[in-house]
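A short write-up of the structure that comes next.
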Amino acid sequence: MRELRRDLAQAGRYLTQSLRLMVGVPDYGSYLAHHRAAHPDREPMTYEEFFRERQAARYSARVGKCC
975 MRELRRDLAQ AGRYLTQSLR LMVGVPDYGS YLAHHRAAHP DREPMTYEEF
1025 FRERQAARYS ARVGKCC
């Protein structure tokens, strides 16, 4: 029963993450995990800074953007 609860909780997290990505809400938790692993010497952005940066990147009017 404990494993079932754990699996359901994990499925819920995956579903939540997928839904957020579909509607364009950035995943701050994933950003923090990546930042801790790849850039331990630098201070991560606050949630507000992260959200503004992701929104600017998404809705930027740059022409010829690569990615």
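In terms of this note's numbering, the sequence shown opens at residue 975 and continues consecutively. Positions of the beta carbon are idealized from the N, C-alpha and C atoms, including for glycine. Fair warning: this is a prediction, and the values are worked out from it, not measured in the lab.
Beta-carbon separation of residue i and residue j under 8 angstroms?
i: PRO1018; j: LEU1006; result: yes
For the alpha helix (DSSP H) containing residue i, name the first residue and the last one.
i: GLY986; result: 976-997
i: ARG1010; result: 1002-1012
i: GLU1023; result: 1021-1033
If you draw a straight line from the alpha carbon of residue i to that of residue j, how long is it in whole angstroms?
i: HIS1008; j: ASP1001; result: 11 angstroms
i: GLN1029; j: ARG980; result: 33 angstroms
i: ARG1010; j: THR1020; result: 13 angstroms
i: ALA983; j: THR990; result: 11 angstroms
i: ALA985; j: SER1004; result: 16 angstroms
i: GLU1022; j: TYR988; result: 23 angstroms
i: ARG1026; j: SER1034; result: 12 angstroms
If contacts are defined as beta-carbon pairs under 8 angstroms, then residue i and residue j qualify, I think. What distance do you get, rounded to the angstrom?
i: GLY998; j: ARG976; result: That pair is no contact at about 35 angstroms.
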